[in-house]
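From first to last, the protein sequence lines are chains A and B.
In this note's numbering, each residue carries its 1-based index in the first sequence increased by 772.
In this note's numbering, each residue carries its 1-based index in the second sequence increased by 659.
Data block below; observations after.
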Amino acid sequence: MTQEAVAEKKTNPIVSFMKVPENYPAEDAYFWGMKCSACGSKFLGQRLACGKCGETEKLEEVKYGPDGELYVFAVIHQSMPGVEVPFVAGIIDLDDGVSVRGNVYGLDPEKPDANWFGKRVKMYSEVISQDREGNDVVAAKFKVQE
Amino acid sequence: MRDVAIVGANMLQFGRYPEQDVVQLAATAAMAALKDAGIGIKDVELVSSGNLYQSNAMIGQRIMKEIGATGVPVINVSNACATGSTAFREAYYAVASGAYDVVMAVGSEQMGKMGLLGGGGGGDRAYSTEGVMGTGIMPGVFGQAGVEHMRKYGTTQEQIAKIGVKASKHGELNPYAMYRKGKDLEEVMNARVVAWPNTLYMCCPTSDGAAAVVLMSAEKAKQYTSKPVWIAASALTSDPHTDRNPTMYDINTLTRNAAKQAYETAGIGPEDLDMVELHDCFATAELVHYENLFLCGEGEAGKLIDEKETYNGGKIPVNVSGGLLSKGHPLGATGVANVVEVVWHLREQAGERQVKGAKVGLAHVIGLGSACTIQILKV
């Protein structure tokens, strides 16, 4: 066996707007994106220009998370095959000024409630599966902070 | 821009047609619209065809092979759920611009029982985010849109369920709807939850269907009809930048933009409308579109349905066809079919569900991702 044939197992983020540090899990995965210093808008992941003002030069890469609050949600009872239901599908406003989708844990999916709005949540990450090449896949989740 | 009239309009009852393919469905609707207009395919100068799931299959040209391949320009349009309505708008502009005098728009889709969950297909399933990092499926996305209304205005699930009740009652009277059984509030509330706050009867079924319209310049229309339906406005918008979009799809801003443009072009306000066919893919969508189309004030959508003002006979009847909740939602056909529905009412041809004395109607569609079309029709 040549050395090239032994592919090194990687740890990949599930979405392009997450990054997994080399020393994961000692250092946690995180969200990243672009910030436009012309108008202040923030985006998840790579952008060629600011989606709000069209600025192309003054875009810088920034790190987001892990703290935020639950803006709104839906409770999914019927989904695609293999998806565990019910689950709370949240829209989370991160304190840094961007929003992300996330499963929210620590709430009873059978009892959706108006007092869930604005709940403080914290992002954490987990290896959720292996891809076809055997690489670990890391996803972000959210837990309610009491 | 020239005035454009709708001279022919027809559709198939939405439902399941496993014995036919989508081209046959579309061709049947096209023939019916031509017949309604009193013309033949040889009179048509351009055809605009909307189909989403087979958008690479040249459905428009295949329709022509069924009904008469005359060699005229044929365009195939896809724009998510706004596919049919965008095909209609292309047809409208072809005449309004002065380039063509007689054109046809056809919308078609064959979905079987695929459901509206969306997603799937190709790729490595390990990277599917559904149920791992929230949701992107349609019931979830539109559930969140309704929950946002709950957060802002204290709207209740019961108020949203009342929209499902209305749709089922209206659907009872529409022979073109897939489901024609009225339901009471208890049935809608107690149905199984698909994506809270929407229960099963607050989600539209997927279906097969086709619809077609024939458009003409004013001068040409005079030769064929004494009762043309005029296109007073045809607006199309995409979603502009807003803070949470597309993490949370913003279905509101582009609808409001399209509504403002359409009202301005037509020279009317929402108070002048006699009826509205809006995009109720889910009951929560209808709720937010009451306000997006300015049918009521900000935060008053719950009150509007509480007071039954959107029932036929109310202040502003919405989806007297039963809406997508009763009709079903064959994506490419939907946006042409809701124009057909408005045309029938403006011509006093809508039978038992006729909105009395309807002179002005609005047809709205939103395709997620997003595209919004609004057509205002008048007689």
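Backbone N, C-alpha and C fix where the C-beta goes; we use that ideal spot for every residue, glycine too.
These figures come from a predicted structure and were not determined experimentally.
Which residues does DSSP pair with residue i in a beta bridge?
i                      : result
residue 786 (chain A)  : Beta-bridge pairing links residue 786 (chain A) to no other residue.
residue 833 (chain A)  : A:806
residue 883 (chain A)  : Its beta-bridge partners do not exist; DSSP assigns none.
residue 1035 (chain B) : B:892, B:1021
residue 718 (chain B)  : DSSP lists no partner for residue 718 (chain B).
residue 892 (chain A)  : A:841
residue 871 (chain B)  : B:669, B:765
residue 674 (chain B)  : B:867
residue 862 (chain B)  : B:941
residue 1026 (chain B) : B:1030
residue 847 (chain A)  : A:860, B:855
Looking only at its own chain, which residues have a Cβ that is under 6 Å from the Cβ of residue i, when we skip the five neighbours before and after it?
i                      : result
residue 863 (chain B)  : 940, 983, 984, 988
residue 846 (chain A)  : 861
residue 1026 (chain B) : 738, 739, 740, 741
residue 817 (chain A)  : 788, 789, 805
residue 976 (chain B)  : 934, 1014
residue 769 (chain B)  : 681, 867
residue 991 (chain B)  : 709, 710, 711, 742, 743, 766, 767, 768
residue 916 (chain B)  : 896
Would you please state the rounded distance, in angstroms, between the beta carbons of residue i and residue j? I believe it to be under 8 Å.
i                     : j                      : result
residue 793 (chain A) : residue 910 (chain A)  : Not really, about 10 Å apart at Cβ, beyond 8 Å.
residue 733 (chain B) : residue 742 (chain B)  : Going by Cβ atoms, the distance from residue 733 (chain B) to residue 742 (chain B) rounds to 15 Å, so no, they are not a contact pair.
residue 793 (chain B) : residue 875 (chain A)  : 6 Å
residue 790 (chain A) : residue 886 (chain A)  : With 8 Å as the limit, residue 790 (chain A) and residue 886 (chain A) do not qualify as a contact, their Cβ atoms being about 30 Å apart.
residue 763 (chain B) : residue 703 (chain B)  : 5 Å
residue 731 (chain B) : residue 706 (chain B)  : 7 Å
residue 947 (chain B) : residue 854 (chain B)  : Actually they do not touch by this definition, with Cβ atoms about 15 Å apart.
residue 893 (chain B) : residue 913 (chain B)  : Between residue 913 (chain B) and residue 893 (chain B) the Cβ distance is about 15 Å, and since that is not below 8 Å, they are no contact.
residue 910 (chain B) : residue 1019 (chain B) : Incorrect: roughly 24 Å between the Cβ atoms, too far for contact.
residue 830 (chain B) : residue 861 (chain B)  : No, residue 830 (chain B) and residue 861 (chain B) are not in contact; Cβ-Cβ is about 13 Å, not under 8 Å.
residue 883 (chain A) : residue 916 (chain A)  : Wrong, their Cβ atoms sit about 13 Å apart, outside the cutoff.
residue 689 (chain B) : residue 995 (chain B)  : Actually they do not touch by this definition, with Cβ atoms about 10 Å apart.
residue 859 (chain A) : residue 881 (chain A)  : 6 Å
Shortest alpha-carbon distance to residue i belongs to which of the options?
i                      : options                     : result
residue 795 (chain A)  : A:905, A:783, A:876         : A:783
residue 871 (chain B)  : B:710, B:929, B:785, B:846  : B:710
residue 929 (chain B)  : B:695, B:746, B:1034        : B:1034
residue 665 (chain B)  : B:947, B:1006, B:1015       : B:1006
residue 672 (chain B)  : B:728, B:869, B:759         : B:869
residue 935 (chain B)  : B:727, B:1013, B:926, B:887 : B:1013
residue 900 (chain B)  : A:788, A:798, A:815         : A:815
residue 1015 (chain B) : B:798, B:957, B:942, B:933  : B:933
residue 865 (chain B)  : B:785, B:906, B:837         : B:837
residue 859 (chain B)  : B:726, B:827, B:916         : B:827
residue 902 (chain B)  : A:891, A:829, A:905, A:866  : A:866
residue 744 (chain B)  : B:916, B:728, B:1021, B:993 : B:993
residue 660 (chain B)  : B:991, B:924, B:945, B:942  : B:924
residue 795 (chain B)  : A:899, A:870, A:863         : A:863
residue 833 (chain A)  : A:852, A:849, A:889, A:812  : A:812
residue 877 (chain A)  : A:857, A:868, A:870, A:871  : A:857
residue 670 (chain B)  : B:724, B:678, B:687, B:1030 : B:687
residue 856 (chain B)  : A:889, A:848, A:868, A:904  : A:848
residue 712 (chain B)  : B:1004, B:760, B:771, B:750 : B:771
residue 810 (chain B)  : A:904, A:843, A:824         : A:843
Identify the continuous beta strand (DSSP E) that holds residue i and give its terminal residues.
i                     : result
residue 669 (chain B) : 663 to 670
residue 952 (chain B) : Unbroken run through residue 952 (chain B): none, as it is neither H nor E.
residue 908 (chain A) : 908 to 916
residue 690 (chain B) : Not the beta strand (DSSP E): residue 690 (chain B) falls in the alpha helix (DSSP H), residues 681 to 696.
residue 866 (chain A) : 859 to 866
residue 814 (chain A) : 814 to 816
What are the boundary residues of the alpha helix (DSSP H) that includes residue i?
i                     : result
residue 801 (chain B) : 797 to 812
residue 871 (chain A) : Where residue 871 (chain A) is concerned, there is no enclosing alpha helix (DSSP H), although the beta strand (DSSP E) it sits in stretches over 871 to 877.
residue 748 (chain B) : 742 to 755
residue 997 (chain B) : 990 to 1005
residue 849 (chain B) : 844 to 849
residue 964 (chain B) : 960 to 965
residue 770 (chain B) : From DSSP, residue 770 (chain B) is part of no alpha helix (DSSP H); its letter is neither H nor E.
residue 880 (chain B) : 877 to 883
residue 985 (chain B) : 982 to 986
residue 787 (chain B) : Counting along the chain, residue 787 (chain B) falls outside any alpha helix (DSSP H), and DSSP gives it neither H nor E.
residue 823 (chain B) : 816 to 830
Below 8 Å CB to CB, which residues in the same chain sit around residue i once its five sequence neighbours on both sides are set aside?
i                     : result
residue 884 (chain B) : 664, 666, 696, 697
residue 988 (chain A) : The requested residue 988 (chain A) does not occur in the structure, where chain A is confined to residues 773 to 918.
residue 919 (chain A) : Outside the shown range of chain A (773 to 918) lies residue 919 (chain A), about which nothing can therefore be said.
So, at 7 Å on beta carbons, what are the nonlocal neighbours of residue i in its own chain, with the 5 sequence-adjacent residues on each side left out?
i                      : result
residue 818 (chain B)  : 961, 964, 965
residue 662 (chain B)  : 877, 889
residue 902 (chain A)  : 908, 909
residue 1000 (chain B) : 936, 980
residue 967 (chain B)  : 973
residue 720 (chain B)  : 733
residue 718 (chain B)  : 681, 682, 685, 708, 710, 735, 767
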